[in-house]
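Scroll down for the structure; my scribbles are underneath it.
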Amino acid sequence: MKISTRALAYITILAGASTAAAETCLSGSFKLEYEGDCDRETLIEVFNDQVFSPAKSAACDGVTAEQELDAQLAAAVPSTTIEELCASIYKDQYEVPFTDILKKDVNMTYEKAFFLGHSHLQEEVETTYEREDGQATSVLKEDGELVRAHYQGSAQTKKTEWPKLPNFESSATDSLGQPTCTTSAAMCCWTKDRQANDNNGNCARNTYSKNCVDKDPGDNTNLCYVDMERGEVSTGNAAEGLVAFPSDNGNGEGAIHCHGLAWANDVNDSSARYKGNNVFFVAMYDHMYQRGYVENVPGAPMCGCVEQMPTVTRSDCTEIDATERFRITYDSTTNEVDGSITLVDINFNACQGINNRNNDLWAYMGRLFYEGKISNRQWGEAGRIITNDHDCKTAVRAQYDVMGLEYGYDYDVSTFTFVAGRGELKTTEAFGHRAFETSMFEHSLTAPSNKDVN
15 MKISTRALAY ITILAGASTA AAETCLSGSF KLEYEGDCDR ETLIEVFNDQ
65 VFSPAKSAAC DGVTAEQELD AQLAAAVPST TIEELCASIY KDQYEVPFTD
115 ILKKDVNMTY EKAFFLGHSH LQEEVETTYE REDGQATSVL KEDGELVRAH
165 YQGSAQTKKT EWPKLPNFES SATDSLGQPT CTTSAAMCCW TKDRQANDNN
215 GNCARNTYSK NCVDKDPGDN TNLCYVDMER GEVSTGNAAE GLVAFPSDNG
265 NGEGAIHCHG LAWANDVNDS SARYKGNNVF FVAMYDHMYQ RGYVENVPGA
315 PMCGCVEQMP TVTRSDCTEI DATERFRITY DSTTNEVDGS ITLVDINFNA
365 CQGINNRNND LWAYMGRLFY EGKISNRQWG EAGRIITNDH DCKTAVRAQY
415 DVMGLEYGYD YDVSTFTFVA GRGELKTTEA FGHRAFETSM FEHSLTAPSN
465 KDVN
């Protein structure tokens with residue numbers, strides 16, 4: 015907890031008894047201003063330093079700062095407690111509507127396309143072919159200017175709304191009744207790099223139109239499989255089945271980059287209150303605007319709750335560090351208590367996880383679990399999607415078992431045309447030249463026509 019050295023407080027000791035004299039030992043108005051958190055421990059310390067100790071009189075003998083603050087709040091109109099006061103401050107905090115970022119429409123139509131990976135910001139690539147003078151069009155730094163403006167302004171100084179989209183909702187709700195992710199975590203996975211000269215991905219600036227059409231992001235994970243039903247609520251694709259990539263790179267999915275965030279179940283924790291800022295930073299600013307990473311893994315949303323995303327071996331992670339300044343006032347003439355957040359300063363940093371594993375979403379969720387901020391069930395569910403294993407074979411095999419699938423395919427030997435065999439498969443002598451042609455071209459179930467043969 016950090017208390018500003020510039021914090022101010024005042025209390026006027028009035029002659030005679032106040033309306034709360036029977037319950038409080040101090041009378042008069044007071045104001046608290048400080049940097050830190052709004053909770054019982056912090057408020058008692060601030061109240062003691064700024065109000066109680068400087069103004070304490072004989073009337074307060076045997077009374078602690080905690081008892082006096084509780085009494086002051088109980089005597090307020092309406093009566094309140096430290097916990098209720100802090101909860102109301104957090105609940106009443108102004109938040110920037112997510113639609114204010116790109117300024118498209120209030121129905122989140124464009125944002126929905128963006129988080130699925132299908133907006134024009136993701137599908138366009140810089141080119142010099144569209145204008146006769148050869149000037150470039152679809153320049154990301156120009157088309158994404160509003161993203162930069164929000165990052166340098168409100169994203170670091172105000173609370174940003176959590177996107178009201180199916181991507182970021184599940185069957186779970188928080189203590190305020192708002193939809194949230196079951197795992198208290200979200201993740202984005204990108205398959206394409208559309209911007210050069212940013213030290214990320216392999217898009218090449220020299221002749222954008224030829225060398226940056228289908229380029230790869232920096233590969234930081236291994237895609238194991240896409241469960242087609244997971245992201246159906248977001249993508250709208252009513253599909254079933256599994257698309258598996260048991261190997262990696264050229265023998266699997268190719269280059270893919272995943273990055274996520276997680277937050278506490280307590281809605282008043284800064285990681286939960288500013289998760290909208292964080293998902294904006296991860297999806298729009300850091301990876302799209304800064305690095306040029308775009309487009310989704312087919313069959314899945316580009317970004318969504320972890321429980322909607324493909325199974326991967328790991329994911330990078332960003333956490334927010336917020337500094338907040340509070341002002342709490344008590345007016346003795348009306349007995350009203352008022353509180354607000356007067357300053358917000360947000361920094362976006364690589365997650366600090368368990369076992370010194372930083373920039374790792376699974377490890378950061380482990381830290382949240384050990385700090386009592388998420389449940390073991392949430393960490394476990396996320397761990398079945400972010401496998402924490404460089405090899406996908408175990409994860410793919412486990413999912414096959416869950417879905418009742420087996421490697422290979424069912425076949426009927428009676429439909430086969432025998433040609434030749436070795437070992438156990440040698441059921442007769444090898445065919446001669448004419449017998450082979452007869453089997454292949456006359457009696458085979460897939461025999462080509464004479465025209466094909468000729």
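Residues are numbered in the numbering used here as their position in the sequence shown, beginning at 1, plus a constant of 14.
Every residue gets a Cβ at the ideal spot worked out from N, C-alpha and C, and that includes glycine.
Check: Beta-carbon separation of L237 and C202 under 9 Å?; Outcome: no
Check: For the 8 Å Cβ check, are there 3 or more pairs between the stretch 302 to 318 and the stretch 385 to 400?; Outcome: no
Check: What's the gap between the Cα of T197 and the Cα of P68?; Outcome: 47 Å
Check: Measuring CB to CB, does I360 end up less than 9 Å from E47?; Outcome: no
Check: Pairing CB atoms from the stretch 243 to 261 with CB atoms from the stretch 348 to 360, are three or more of them under 8 Å?; Outcome: no
Check: Between which two residues does the alpha helix (DSSP H) harbouring W393 extend?; Outcome: 390 to 397
Check: Is the CB-CB distance between A12 and A199 below 9 Å?; Outcome: In the structure displayed, the chain extends from 15 to 468; residue 12 sits before or after that span and is not available.
Check: Which stretch, first to last residue, makes up the beta strand (DSSP E) that contains H301?; Outcome: Careful: H301 lies outside any beta strand (DSSP E) and carries neither H nor E.
Check: Between which two residues does the alpha helix (DSSP H) carrying R436 extend?; Outcome: R436 -> no alpha helix (DSSP H), and no H or E assigned at all.
Check: Expressed to the nearest angstrom, what Euclidean distance is found between the alpha-carbon atoms of R287 and D230?; Outcome: 33 Å
Check: Within its chain, find whatever has a CB closer than 6 Å to the CB of R448; leave out the 5 residues flanking it on each side and keep chain order.; Outcome: none
Check: In the DSSP output, what is S354 paired with across the bridge?; Outcome: R341
Check: Distance, Cα to Cα, L160 vs A101?; Outcome: 32 Å
Check: Compare the C-alpha of E49 against each of V153, R436, F61 and name the closest.; Outcome: F61
Check: Figure out for me which residue from D63, E137, A89, C39 has the closest Cα to the Cα of A72.; Outcome: C39
Check: I need the straight-line Cα distance from M417 to P180, nearest angstrom please.; Outcome: 25 Å
Check: Do I58 and L87 have their CB atoms nearer than 9 Å?; Outcome: no
Check: How is C52 classed by DSSP in three states: helix, strand or coil?; Outcome: coil
Check: So, with DSSP's three-state summary, where would you put S32?; Outcome: With a pLDDT of 39 at S32, under the threshold of 50, the predicted position of this residue should be treated as unreliable, though the coordinate-derived value follows. Three-state DSSP puts S32 in coil, outside helix and strand.
Check: Assuming the contact rule is C-beta atoms closer than 8 Å, Y165 and F295 should be a hit. Round their C-beta distance to whole Å, please.; Outcome: 7 Å
Check: So, for R381: in the same chain, excluding its five sequence neighbours on each side, which residues have a beta-carbon less than 6 Å away from its beta-carbon?; Outcome: G367, I368
Check: So for W376, helix, strand or coil by DSSP?; Outcome: helix
Check: From K224 to G274, what does the alpha carbon distance come to, in whole angstroms?; Outcome: 31 Å
Check: Does the stretch 176 to 194 come close enough to the stretch 137 to 148 to have 3 or more Cβ pairs within less than 8 Å?; Outcome: no
Check: Rounded to a whole number of angstroms, what is the C-alpha to C-alpha distance between Y303 and L419?; Outcome: 41 Å
Check: Roughly how many angstroms lie between the CA atoms of T174 and Y425, to the nearest whole one?; Outcome: 56 Å
Check: Taking the continuous beta strand (DSSP E) assigned at Y239, which residues delimit it?; Outcome: 237 to 241
Check: Nearest-angstrom Cα distance between T327 and N373?; Outcome: 14 Å
Check: When the Cα atoms are used, what is the spatial distance from E156 to Q170?; Outcome: 21 Å
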